[in-house]
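*Asks:* Everything in the sequence shown is counted per my numbering, starting at 121 for the first residue and increasing by one. Heads up, the beta-carbon is just placed ideally off N, CA and C, and yes, glycines get one too. Below are the C-alpha cells for one structure; questions will follow.
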Amino acid sequence: MSFKHSLNNLNDNRTLAQLITKLEQGDPETYRNIESIGSGKFRSHRIGVTGSAGTGKSSLINHLISFFRSKQKSVGVLSVDPSSVFSGGAVLGDRVRMQQHAEDDGVFIRSLATRDFKGHLASAIWSSVALLEASGKDIVIIETSGSGQTDSDIYYVADTVTLLLVPEGGDAIQTLKSGIMEIADIYVVNKADRPGADTLTKTLSAHLRLAETSEVWKPPIVKTQANKGTGIGKLCEAIEQHHLSLIKNPSSNKTLPEQRRREFTSQVELGFSRILRHHLANNKESARLLKDVESAGSSPQRAAQKLICKIAKLIKDM
Ligand SMILES: Nc1nc2c(ncn2[C@@H]2O[C@H](COP(=O)(O)OP(=O)(O)O)[C@@H](O)[C@H]2O)c(=O)[nH]1
Ligand SMILES: [Mg+2]
C-alpha cells in the first residue's frame, strides 16, 4: 500500500495501526512521509497520563475515553510501557481494560512497546502523535509508565500532564522526592479507597504549596477510584480547564517552544541514526570497517571519523 493511499485513509484505524508498525520498525519512507504531513496546523489536545506501573492509568484512560466520546470527540491512545517490551503482558492488560472501546471507530488504541537506547520514550512517539494529529483526532492520550527520566519525557510531548499517585507502597513519597512532581499539571490520587489516601493528598498539597507554579495555572489534586469510575467527572473538568487555560494564555505554555525544539532535535537524531543503520547494513566497505573495529584491527575513534566523513559526503551528494 502506498503512503499516499494510506494518507487518504487516516481515519481508518487499521491503516493507522499499519503505519505505526512501520514507524516502530524504523521504516525510512514512512518517517519521511509523516514528517512531510506534520505541518502542525491542526493540534490535538495531547493528554499525558503518567505514573508507576499498576497505579491505574489504563483503568483511568478507559473512563477518559468514555467522557470524550460522549462529547463526540475522536480519541487516540498511545500506550508506552517498558514492561511490555519482553512479556507483552502489559499490552494485553491495557487492551482488556480498554476493551469496551474496541468496536468504536472513533477510538484508536495502540501500544508502543519500544523505548530508545537511552531508555527514553519510544522513539516512534513523536511521529505517532503527528500521525494521529494528521488523522484529525481531537484528543491524543499518551500513557507512560516508569520513573525518573522516562516519566519526565512526557512533559515534552503532552500539553496536559496528569500524574497518578497511589497511597500504597511509599512510591508516592519517592516521587515527591525525585522531582518528577514538578512536571504535572494535574495530580491524581488514585485508589482513593485504600488506606492512606487522605494522608497522601495532604502531603501532596503541602508540597505543592511550596512548589513554584505558574501564575495562571495552579495544579489541582483530584481523588479518584479508577476501577469504579469515581471522581472521573472532576478529573475531566480539570483536564478541560487546563486546556482552556492554555488556549487563553498561550504564552503561559512555557513548555511549547521547548516541546517543539525537542521534537525537532529528536527527529534529526532519529533521521541520522536511520541513515547510519541503513548505511551499515547496505554498504560492504563500511560494514567491513565495523568488523575491523570489533576485531581490534582499527581504532574505534579513527574508524568513526572515517565513517562520519564518508556519510557526510554521501549526504552532500544526495
Ligand atoms: N482498589 C483499587 N484498585 C484499582 C483502582 N484503579 C485501578 N485499580 C486496579 O489496579 C490494577 C492496575 O490497574 P491498571 O489500570 O492496569 O494500571 P496501570 O498499570 O497504571 O495501567 C488493576 O487490577 C485495576 O483494577 C482503584 O481506584 N482502587
Ligand atoms: Mg497500563
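Mind checking whether the beta-carbon of E360 lies closer than 8 Å to any heavy atom of ligand 2?
*Replies:* no
*Asks:* Which runs of the beta strand (DSSP E) spanning at least 3 residues fall entirely within the segment 324-397, listed in chain order?
*Replies:* 341-343
*Asks:* Since G171 sits in a beta bridge, which residues does DSSP pair it with?
*Replies:* Residue pairing by DSSP places G171 opposite S265 in a beta bridge.
*Asks:* Would you mind reading off the limits of the beta strand (DSSP E) that contains V308?
*Replies:* I306 to V309
*Asks:* Kindly identify the DSSP beta-bridge partner or partners of I231.
*Replies:* Here residue 231 is Ser; the residue named in the question, Ile, does not match the sequence. Answer is S199.
*Asks:* Can you give me the start and stop residues for the alpha helix (DSSP H) that L409 sits inside?
*Replies:* K404 to E414
*Asks:* Have a look at G349 and V308 and give me their C-alpha separation to the nearest angstrom.
*Replies:* Cα-Cα distance, rounded: 13 Å.
*Asks:* Put R189 into one of helix, strand or coil per three-state DSSP.
*Replies:* helix
*Asks:* What residue range is occupied by the uninterrupted beta strand (DSSP E) comprising L251?
*Replies:* That residue, L251, is in no beta strand (DSSP E); its alpha helix (DSSP H) goes I245 to A254.
*Asks:* Would you kindly report the start and end of the unbroken beta strand (DSSP E) that includes K283?
*Replies:* Reading off the sequence, residue 283 comes out as Leu, not Lys. Unbroken beta strand (DSSP E) run through L283: T280 to L285.
*Asks:* Helix, strand or coil for Q152, going by three-state DSSP, please let me know.
*Replies:* Here residue 152 is Arg; the residue named in the question, Gln, does not match the sequence. When secondary structure is reduced to three states using DSSP, R152 falls in the helix class.
*Asks:* Taking the C-alpha atoms as reference points, what is the distance between A312 and S393?
*Replies:* 45 Å
*Asks:* Cβ of A173 within 8 Å of any heavy atom in ligand 2?
*Replies:* yes
*Asks:* For R189, which residues of its own chain have a beta-carbon under 8 Å away from its beta-carbon, when the five flanking residues on both sides are left out?
*Replies:* If you ignore the 5 residues before and after R189, its C-beta comes within less than 8 Å of the C-beta of V195, H221, D224, G226 and V227, all in its own chain and listed in chain order.
*Asks:* Report the option in L355, L390 and A407 whose CA atom is closest to the CA atom of I167.
*Replies:* L355
*Asks:* Using the C-alpha atoms, what's the distance from T344 back to K142?
*Replies:* 37 Å
*Asks:* Have a look at L252 and R152 and give me their C-alpha separation to the nearest angstrom.
*Replies:* 16 Å
*Asks:* Consult DSSP for R422 and reduce its assignment to one of helix, strand or coil.
*Replies:* Looking at R422 - three-state DSSP - the assignment turns out to be helix.
*Asks:* So, helix, strand or coil for R163, using DSSP?
*Replies:* coil
*Asks:* Classify D318 as buried or exposed, calling it buried when 16 or more other Cβ atoms lie within 10 Å of its own Cβ.
*Replies:* The residue in question, D318, is exposed, as its Cβ has fewer than 16 Cβ neighbours within 10 Å.
*Asks:* Could you check if I259 is buried or exposed, using at least 16 other CB atoms within 10 Å of its CB as the buried criterion?
*Replies:* buried
*Asks:* Does at least one heavy atom of ligand 2 sit under 8 Å from the Cβ of K177?
*Replies:* Answer for K177: yes, Cβ within range of ligand 2.
*Asks:* Spatial neighbours of A137 within its chain, please: C-beta separation below 7 Å, excluding the five flanking residues on both sides.
*Replies:* R230
*Asks:* Any heavy atom of ligand 2 closer than 8 Å to the beta-carbon of E406?
*Replies:* The displayed chain sequence assigns Ser, not Glu, to residue 406. For ligand 2, not one heavy atom lies less than 8 Å from the Cβ of S406.
*Asks:* Verify whether the separation of the beta carbon atoms of S69 and S265 is less than 9 Å.
*Replies:* Outside the shown range of the chain, which is 121 to 438, sits residue 69, and nothing can be said about it.
*Asks:* Cβ-heavy atom distance between A312 and ligand 1 below 8 Å?
*Replies:* A heavy atom of ligand 1 is found nearer than 8 Å to the CB of A312.
*Asks:* Taking C-beta to C-beta, are G417 and N310 nearer than 9 Å?
*Replies:* no
*Asks:* Distance check for T135 and V200, CA to CA, integer angstroms please.
*Replies:* 20 Å
*Asks:* In whole angstroms, what separates the C-alpha of K436 from that of L284?
*Replies:* One C-alpha to the other measures close to 48 Å.
*Asks:* Between H398 and the rest of its own chain, which residues show a CB-CB distance below 7 Å, the 5 nearest in sequence each way excluded?
*Replies:* P148
*Asks:* Start and end of the alpha helix (DSSP H) containing K142?
*Replies:* N133 to E144
*Asks:* So is I261 buried or exposed if we call it buried at 16+ other beta carbons inside 10 Å?
*Replies:* By the 10 Å Cβ count, I261 comes out buried.
*Asks:* So, using beta-carbon positions, are P277 and I306 closer together than 9 Å?
*Replies:* It is Val, not Pro, that sits at residue 277 in the sequence shown. Contact: no.
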